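Engineer: This is the structure I have questions about; it appears just below.
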Amino acid sequence: MNSYINLKSNLENSNGWSSSILSRRKKLIQKQTEAEIRFHNLIQNALGVSCKPQFPVLINYPEPTLVFFLDFYIPKFHIGVEIDGGIHSTPRNQIYDQWRQKAITRKWKLRIVRFTNEEVITHPDQVIATIKNLMEVQ
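In this text, residue positions in the sequence shown follow the numbering used here: the first is 1, and each later residue adds one.
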């Protein structure tokens, strides 16, 4: 899902997120896929780390400010996680995903890892091993 919004002048909360960002985040969390729900449970149960779903990342590009939502953010290790459904397999969306990922990593210095829905559901041990390896290499 292309999860971005143009940030207009809205009142901001203590995180610097406007009410429109918080509203969009809440809607995205409510519409999480089965794979996203499983991933969140996996990370918290298997690794015991905080994992924030649908985490807003603001990018000044240069105007207006763009807001992208990472499927998950593991703040302690600066890891962003994207869980890709079938829509991400189209050439157009792959190009968009690459551009978006470069913008986020360039601005926020995050390490981003991508998993497919299928990987999360059918190979959870491999998903955990990948995240664990990223956590060990800071």
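All C-beta atoms in this analysis are idealised placements derived from N, C-alpha and C, irrespective of residue type, glycine included.
Note that the structure is predicted; figures quoted are calculated from it, not measured.
1. With 16 as the cutoff for other CB atoms within 10 Å, does Ser50 come out buried or exposed?
2. Counting C-beta neighbours from all protein chains within 10 Å, is the total for Gln54 16 or more, i.e. buried, or is it exposed?
3. Keeping to the same chain, check which residues put their C-beta closer than 7 Å to that of Arg100; ignore five residues upstream and five downstream.
4. In the DSSP assignment, find the alpha helix (DSSP H) that holds Pro124 and state where it starts and stops.
5. Using the Cβ count rule (16 or more neighbours within 10 Å means buried), how would you classify Ser19?
6. Determine the extent of the beta strand (DSSP E) in which Phe115 is found, giving its start and end residues.
7. Taking the C-alpha atoms as reference points, what is the distance between Gln94 and Gly48?
8. Between the beta-carbon of Ala103 and the beta-carbon of Ile74, is there less than 8 Å?
9. Are there 16 or more other CB atoms within 10 angstroms of the CB of Gly80, so buried, or fewer, so exposed?
10. Leaving out five residues on either side along the sequence, give the residues of the same chain with a beta carbon under 7 Å from the beta carbon of Thr130.
11. Helix, strand or coil: how does DSSP classify Lys107 here?
12. Between which two residues does the alpha helix (DSSP H) harbouring Phe77 extend?
Structural biologist: In this structure, then:
1. Start at 1 with the first residue of the sequence shown, and residue 50 comes out as number 50. Around the beta carbon of Ser50, fewer than 16 other beta carbons lie within 10 angstroms, which makes this residue exposed.
2. The residue labelled residue 54 in the question sits at position 54 within the sequence shown. Gln54 is buried by the Cβ-count criterion.
3. Numbered from its first residue, the sequence shown carries residue 100 at position 100. The residues are Phe68.
4. For this step, residue 124 is matched to residue 124 along the sequence shown. Per DSSP, Pro124 belongs to the alpha helix (DSSP H) from 124-136.
5. Here residue 19 is taken as the residue at index 19 of the sequence shown, counted from 1. Classification for Ser19: exposed.
6. To locate residue 115, count along the sequence shown from 1; it is residue 115. Start and end: 111-116.
7. Here residue 94 is taken as the residue at index 94 of the sequence shown, counted from 1. Here residue 48 is taken as the residue at index 48 of the sequence shown, counted from 1. The C-alpha of Gly48 is placed about 31 Å away from the C-alpha of Gln94.
8. Here residue 103 refers to the residue found at position 103 of the sequence shown. Here residue 74 refers to the residue found at position 74 of the sequence shown. In this structure, Ala103 lies away from Ile74, with their beta-carbon atoms at least 8 Å apart.
9. As a first step, residue 80 is located in the sequence shown; it is residue number 80 there, counting from the start. Result: buried.
10. One-based indexing of the sequence shown puts residue 130 at position 130. Cβ within range, chain order: Val113.
11. For the purposes of this step, residue 107 is taken as residue 107 along the sequence shown, with counting starting at 1. Three-state DSSP puts Lys107 in a helix.
12. In the sequence shown, residue 77 corresponds to position 77, counting from 1. Under the DSSP assignment, Phe77 falls outside any alpha helix (DSSP H); it carries neither an H nor an E label.
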